[in-house]
Amino acid sequence: LDGNFMSKPRDLERYGLNRQIWDNTQCLIWLDYPFWTIYLRAWRRTLWRIGTGEPCCNGNRETWSLLLFDFRNSIPYFVWTGHGKFPERLQELERIFEERIHFVHLQSQRETDYFLNSIAKIAS
21 LDGNFMSKPR DLERYGLNRQ IWDNTQCLIW LDYPFWTIYL RAWRRTLWRI GTGEPCCNGN
81 RETWSLLLFD FRNSIPYFVW TGHGKFPERL QELERIFEER IHFVHLQSQR ETDYFLNSIA
141 KIAS
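Start counting the sequence shown at 21; every next residue gets the next number (this note's numbering).
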């Protein structure tokens, strides 16, 4: 399971599906890269998807008209306005689940590569 599948941890009780997800979660890996890394990657992926017509989320497609005339519904805008909100959400999750879920906080591509390589070594 990946992505922003629950926007507000405090809404856990309201959504049965999310409750099932969290009840079965053993580890949460948070990729907390610097803002400019995420923002530039969002732009690169957006331009790629516009050029290729590749679907984005749930079959949605990014277009030039969305980017130019409805920027507030674009992925780069979401990154621009939402990046700073995630640390407080993670802290809230840690408070709720600190006894049961192992949290891994990775802050760079180098840390992520190291983490994945160490998992591969353990698994082999």
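Every residue gets a Cβ at the ideal spot worked out from N, C-alpha and C, and that includes glycine.
- Message: Could you tell me the alpha carbon to alpha carbon distance between Phe-18 and His-103, rounded to whole angstroms?
- Response: The chain is shown only over 21 to 144; residue 18 falls outside these bounds and no answer can be derived.
- With a 10 Å radius around its C-beta and 16 neighbouring C-beta atoms as the bar for buried, classify Leu-113 as buried or exposed. So Leu-113 counts as buried.
- Between which two residues does the alpha helix (DSSP H) carrying Ile-142 extend? For Ile-142, the uninterrupted alpha helix (DSSP H) segment begins and ends at 129-143.
- Glu-119 versus Gln-129: straight-line alpha-carbon distance, rounded: Distance between the alpha carbons of Glu-119 and Gln-129 is about 28 Å.
- Sufficient close CB pairs (3 or more, under 8 Å) joining the segment 92-102 to the segment 59-69: Output reads yes: the segment 59-69 touches the segment 92-102.
- Message: Can you tell me whether Ile-121 is helix, strand or coil according to DSSP?
- Response: Look at Ile-121 here: in three-state DSSP terms it is coil, with no helix or strand label.
- Please look up how many angstroms separate the CB atoms of Ser-85 and Thr-66, rounded, as I've assumed it's under 8 Å. A Cβ-Cβ separation of about 13 Å leaves Ser-85 out of contact with Thr-66 under the 8 Å criterion.
- Item | alpha helix (DSSP H) segment containing Thr-101, residue limits | Its alpha helix (DSSP H) spans residues 95-102.
- Task: Answer yes if the segment 72-82 comes into contact with the segment 124-142, meaning at least three C-beta pairs across the two stretches below 8 Å, and no otherwise.
- Result: Too few Cβ pairs lie closer than 8 Å, so no.
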